[in-house]
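Working notes, structure below.
2 protein chains.
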Amino acid sequence: MAAESKSRARRGVEKSEILDAAFHLFAALGEAAFSIRKVAAVIGVDPMTVLHHFGSKDELLRAIADHGLRSVEMPAATQDWRGDLKAVGKAYRTLAHHHPRVFPLHFRYNATGPADHISSEIVYRALRNAGLSDESAAGLGLAFYSFVLGFALAEAEGLLRPIGPAQETELNALDPETYRATRELIPALQTLDPNAAFDDSMDVFTAGVAALAKFGPSTVSSADCEAKCA
Amino acid sequence: MAAESKSRARRGVEKSEILDAAFHLFAALGEAAFSIRKVAAVIGVDPMTVLHHFGSKDELLRAIADHGLRSVEMPAATQDWRGDLKAVGKAYRTLAHHHPRVFPLHFRYNATGPADHISSEIVYRALRNAGLSDESAAGLGLAFYSFVLGFALAEAEGLLRPIGPAQETELNALDPETYRATRELIPALQTLDPNAAFDDSMDVFTAGVAALAKFGPSTVSSADCEAKCA
DNA sequence: CTCTTGACTTCTACACCGTAGAACTTACAC
DNA sequence: GTGTAAGTTCTACGGTGTAGAAGTCAAGAG
């Protein structure tokens, strides 16, 4: 159409259209094979047009990371702080599952989009509801964040799958004495369920937070807690 | 020297010498500015020589990641499972602190060098000493691993520093109602100590593991544990 | 209407990249 | 000597990000 070609010429392609194409291309190809020129080819435009809208490839990658983060909907805070923490973790995990190639970008560009503030607000609120002090809530909130991102990143990179025959033989080649625990855990590692592992670790974390809130930092670090609990 | 030039010509530079130069160059420049050609220039050799020894740039990066992992000495397992877990965490954190640019490579190339097996053996052994079942130890071991790597990675990327004036004004611009917890934690975030945050989270994790080992998975996830502990 | 302006696109060009393939050099076995 | 094999270097190709100039076109001013 003349109108479309005119429009195309006038203000070119929408910036959001470029970002969309770039995001999907990145998600499909991965970082190594991703390039500005390929994005431009997909939407039928000069590479410099893409660059003009984002300033540099680095800024484009940052925008891609932000775009991914914006696509996940964060849960609303409730009164159940344990459930809230799990919900935040689940949100990041589904993000990692949906776009595993894009996910690592969130670490490189310490993405602080709106979605990020929402999720951290939920985490902070949950930890305070659990009864932690401000200092503990701040530090443990960031630690929790690191854990969730680290777990999701590990899943995205394929590090948390049940081990296959290749790894089994590799582990079996280890010295049975020095690597006794590892070798005895091979059956458990073969039937590993990432979801169960995540749920377990969330339970562990929340139980630990509850203990910290109740007994304070000095007791929770030692074995005294167990004595108290007995 | 004639002898040296002959030796250089005969079997060229040692592979380890190339790897050393590559590692330090990568640690200094970061991935974006790192290139095979620069490595070759540093040691005065043709770029193709570097490539010949490692096959591809990807293999070279993998070797760099392995080299970094090998440089950290893992602690020996003791009877104190809590201390062992902390020691493993500390080892990875110091690795991240020493070579922050190299550290992210450990995630991309799910590095399974000898040091990796040693550390996971320590983790598995510790969790079993804590009294966990094989299934729990396997899942939580990997989760612990993800946490430690995620925390160290966050530190390496500079995400865990106390917030500065720029971030403070950014947080203060948030809606005071929806981001109440975040805004009230600003003072705590300004004086954040990564070491304390890590220690706290380790205490939380070990306390949670102890509770899981004592009460089982069904109770630890609810509030019953606190009731028991009271 | 013309002229200007300013945003957007495109063209051209450059330096750099990873690496395939051939050619050269050297050490050593016979 | 004559292989032979390993290691090095040269050359070349297609691809990359992007600087800078040039082109295109809608919209407003006179």
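Chains as they are written, first to last, in the working numbering: chain L, -17 to 212; chain W, -17 to 212. Built from N, CA and C at the ideal position, the CB exists for glycine as well. Computed from a prediction, not measured in an experiment: that's the story for all the values here.
Quiz item: At what residues does the alpha helix (DSSP H) containing residue -2/W begin and finish?
Solution: Reading the second sequence from its first residue, position 16 is the one you call residue -2/W. -3 to 11 is the span of the alpha helix (DSSP H), which, as asked, contains residue -2/W.
Self-check item: Closer than 8 Å to chain L by CB, residue 74/W
Solution: For the purposes of this step, residue 74/W is taken as residue 92 along the second sequence, with counting starting at 1. It does not: the Cβ of residue 74/W has no partner Cβ on chain L nearer than 8 Å.
Quiz item: Based on Cα-Cα distance, which residue from 98/L, 10/L, 128/L and 92/L lies nearest to residue 213/L?
Solution: Outside the modelled stretch of chain L, which goes from -17 to 212, sits residue 213/L, for which no answer is possible.
Exercise. Report the option in 66/W, 51/W, 132/W and 117/W whose CA atom is closest to the CA atom of residue 90/L.
Key: The residue labelled residue 90/L in the question sits at position 108 within the first sequence. Comparing Cα-Cα distances from residue 90/L to each of 66/W, 51/W, 132/W and 117/W, the minimum goes to 132/W.
Quiz item: In terms of alpha-carbon separation, which member of 31/W, 8/W and 16/W lies closest to residue -3/W?
Solution: One-based indexing of the second sequence puts residue -3/W at position 15. Among 31/W, 8/W and 16/W, the Cα nearest to that of residue -3/W is on 31/W.
Self-check item: CB contact flag (residue 152/W, residue 172/W, <8 Å)
Solution: Counting from one through the second sequence, the residue named residue 152/W turns up at place 170. Counting from one through the second sequence, the residue named residue 172/W turns up at place 190. The answer is no: Cβ separation not under 8 Å.
Exercise. Step through the CB atoms of chain W and report whether any lies within less than 8 Å of the CB of residue 2/L.
Key: Here residue 2/L refers to the residue found at position 20 when the first sequence is read from its first residue. So, not an interface residue.
Practice problem: Write down every uninterrupted run of the alpha helix (DSSP H) in the region 91 to 169 of chain L whose length is 4 residues or greater and which is fully enclosed by it, in chain order. | Solution: 96 to 111, 116 to 138, 147 to 154 and 162 to 166
Quiz item: For residue 2/W, is the classification buried or exposed, using 16 other Cβ atoms within 10 angstroms of its Cβ as the cut-off for buried?
Solution: Locating residue 2/W in the second sequence gives position 20, counting from the first residue. Per the 10 Å Cβ criterion, exposed.
Quiz item: Looking at residue 59/L and residue 66/L, is the spacing between their C-beta atoms short of 8 Å?
Solution: By 1-based counting over the first sequence, the position of residue 66/L is 84. By 1-based counting over the first sequence, the position of residue 59/L is 77. Yes, the Cβ-Cβ distance between residue 66/L and residue 59/L is below 8 Å.
Exercise. Could you list which residues in chain L have their beta carbon closer than 7 Å to that of residue 167/W, in chain order?
Key: Along the second sequence, one-based indexing puts residue 167/W at 185. Result: 106, 116, 119 and 120.
Quiz prompt | Within chain L, partners of residue 180/W - CB distance below 8 Å | solution = Reading the second sequence from its first residue, position 198 is the one you call residue 180/W. Here the neighbours are 125.
Quiz prompt | Contacts that residue 139/W makes with chain L (C-beta to C-beta distance below 8 Å) | solution = Sequence index remark: in the second sequence, residue 139/W carries index 157 (1-based). Those are 89, 90 and 92, listed as they occur along chain L.
Self-check item: Residue span of the alpha helix (DSSP H) that contains residue 29/W, given as start and end
Solution: Locating residue 29/W in the second sequence gives position 47, counting from the first residue. 29 to 36 is the extent of the alpha helix (DSSP H) around residue 29/W.
Practice problem: Just the C-alpha distance for residue 63/L and residue 70/L, rounded to the nearest angstrom, thanks. | Solution: As a working mapping, residue 63/L is identified with position 81 in the first sequence. As a working mapping, residue 70/L is identified with position 88 in the first sequence. Residue 63/L and residue 70/L: Cα-Cα distance of roughly 11 Å.
Quiz item: For the alpha helix (DSSP H) that contains residue 184/L, what are its first and last residues?
Solution: Locating residue 184/L in the first sequence gives position 202, where the first residue counts as 1. Run containing residue 184/L: 176 to 197, per the alpha helix (DSSP H) assignment.
Quiz prompt | Residue from -1/W, 177/W, 8/W and 86/W whose Cα sits closest to the Cα of residue 68/W | solution = Residue mapping note: residue 68/W aligns to position 86 of the second sequence, counting from 1. Nearest C-alpha to residue 68/W: 177/W.
Practice problem: With DSSP collapsed to three states, give me the class of residue 45/L. | Solution: For the purposes of this step, residue 45/L is identified with residue 63 of the first sequence, where counting begins at 1. Here residue 45/L sits in helix by DSSP.
Quiz item: Shorter than 8 Å from the beta carbon of residue 194/L to some beta carbon of chain W?
Solution: Taking the first sequence and counting its residues from 1, the one referred to as residue 194/L is at position 212. Residue 194/L counts as touching chain W.
Quiz item: Exposed or buried, residue -8/L, counting other C-beta atoms within 10 Å across all chains shown (16 or more means buried)?
Solution: Along the first sequence, one-based indexing puts residue -8/L at 10. Only weak support exists for where residue -8/L lies, its pLDDT of 44 falling under 50; the value from the coordinates is given anyway. Exposed is the call here.
Quiz prompt | Inter-residue Cα distance where the pair is residue 81/W and residue 126/W | solution = Looking up residue 81/W in the second sequence gives position 99. Looking up residue 126/W in the second sequence gives position 144. Their backbone Cα atoms lie some 22 Å apart in a straight line.
Quiz item: Any idea what DSSP makes of residue 40/L, helix, strand or coil?
Solution: Counting from one through the first sequence, the residue named residue 40/L turns up at place 58. Residue state, collapsed to three classes: helix.
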